[in-house]
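Remarks on the structure that follows.
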Amino acid sequence: MSKIVVFDLDKTLLAVDSTETWIREQIFGSPYRFAMGVVSAPLGLMLMHFPEKRKFGASIFLWIATVGLNESQKMESIEQFNQRFHAGLTKSYWFKDGIAVLEEHIQNGHKVIIVTAAPKLLAEKLFEPWKDEVAVIGSTVRALWGGWISDRLCRHSEKCNFLMENGFGVNWDFAYSDSEDDIPILAAAEKAYLINASRKTTKRVQRKIPSLIENLVWK
1 MSKIVVFDLD KTLLAVDSTE TWIREQIFGS PYRFAMGVVS APLGLMLMHF PEKRKFGASI
61 FLWIATVGLN ESQKMESIEQ FNQRFHAGLT KSYWFKDGIA VLEEHIQNGH KVIIVTAAPK
121 LLAEKLFEPW KDEVAVIGST VRALWGGWIS DRLCRHSEKC NFLMENGFGV NWDFAYSDSE
181 DDIPILAAAE KAYLINASRK TTKRVQRKIP SLIENLVWK
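Position 205, counted from 1, in the sequence shown is what full-length UniProt numbering calls 205; the numbers after and before it change by one each time, with no gaps.
So, in structure tokens, the structure goes:
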């Protein structure tokens with residue numbers, strides 16, 4: 001049976017947050033979106049600081065980035081971002097070391113899954129070069145008042161639920177993440193790795209799963 005490998009996306013394989021980069025481009029590229037963003041930022045950022053409210057904070061910025069676009073235009077904005085990303089024209093870029101590890105797992109016949117808080121629609125586009133070799137699981141969105149908002153946020157223990165619901169069980173062989181928010185997926189792995197984690201983050205994670213963590217530096 002193939003070994004199962006779970007990767008987080010943002011700041012694990014990608015150097016920056018993909019959703020934030022796409023949303024910022026959408027908001028800063030339109031005067032009226034920018035104005036709405038300025039007015040809404042204090043509330044949205046405050047909500048983002050509380051894990052139980054993060055979905056609502058994320059929804060504010062996601063809605064501003066997409067309101068007024070029809071479904072085709074929303075998808076086109078993601079496709080255009082994807083094209084700029086792969087052309088090296090955005091602030092997002094792959095950690096080459098991370099991609100080398102991902103491709104090594106693929107070459108070894110392992111089942112590779114990306115599980116991310118980013119919208120699945122966005123993450124799938126970024127992984128088009130590996131679409132036949134990598135499964136992508138991400139947050140879902142839904143329409144509200146002409147824009148998108150978060151529907152089901154794929155983070156923390158919900159990542160484990162998403163993985164189970166998609167047929168990947170409740171334990172895996174390898175897991176990679178930069179964040180203590182992913183302690184549930186790291187704890188469920190036989191071999192767990194933190195990526196570019198600070199000493200503070202490493203200590204907090206090791207208190208939860210002391211024997212499983214190795215800290216890797218990826219560039």
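Every residue gets a Cβ at the ideal spot worked out from N, C-alpha and C, and that includes glycine.
For residue i, count the other beta carbons within 10 Å of its own beta carbon; 16 or more makes it buried, fewer makes it exposed. Which is it?
i, result
"S51", "The question names Ser, but residue 51 is Pro in the sequence shown. With fewer than 16 Cβ atoms within 10 Å of its Cβ, P51 is classed as exposed."
"G44", "buried"
"W218", "buried"
"N70", "exposed"
"Y176", "buried"
"L89", "exposed"
Do residue i and residue j have their C-beta atoms within less than 8 Å of each other?
i, j, result
"T116", "D10", "yes"
"F61", "I113", "no"
"G109", "L13", "no"
"Y188", "C160", "The sequence given here has Ala at residue 188, not Tyr. A contact, by the Cβ cut-off of 8 Å."
"K120", "V136", "yes"
"D8", "S179", "yes"
"A15", "F95", "yes"
"K91", "T202", "no"
"V205", "L194", "yes"
"L163", "L186", "no"
"L126", "N82", "yes"
Please report the Cβ distance between residue i and residue j, rounded to the nearest whole angstrom; I am assuming they are in contact, meaning their Cβ atoms lie under 8 Å.
i, j, result
"I183", "S59", "About 24 Å separates the two Cβ atoms, so there is no contact after all."
"H86", "V5", "Contact doesn't hold; Cβ gap of about 23 Å is too wide."
"T19", "A143", "T19 to A143, Cβ: 17 Å. No contact."
- Item | Touching by the beta-carbon criterion (3+ pairs, under 8 Å), the stretch 196-203 and the stretch 161-174 | The count of Cβ pairs closer than 8 Å, one atom from the stretch 196-203 and one from the stretch 161-174, stays below three, leaving the stretches out of contact.
- Message: Tell me whether the stretch 116-133 and the stretch 30-44 touch, counting them as touching only if at least three CB pairs, one residue from each stretch, are closer than 8 Å.
- Response: Because the criterion of three Cβ pairs below 8 Å is not met, the stretch 116-133 and the stretch 30-44 do not touch.
- Query: Do the stretch 20-32 and the stretch 63-82 make contact, defined as three or more Cβ pairs closer than 8 Å?
  - Reply: Output reads yes: the stretch 63-82 touches the stretch 20-32.
- Item | alpha helix (DSSP H) runs wholly inside the stretch 31-57, at least 4 long, in chain order | Counting only runs of 4 or more, we get 31-48.
- Considering only residues of the stretch 91-166, which uninterrupted beta strand (DSSP E) runs meet the minimum length of 3 residues and lie entirely inside it, listed in chain order? Qualifying beta strand (DSSP E) stretches, in chain order: 111-119, 134-144 and 147-152.
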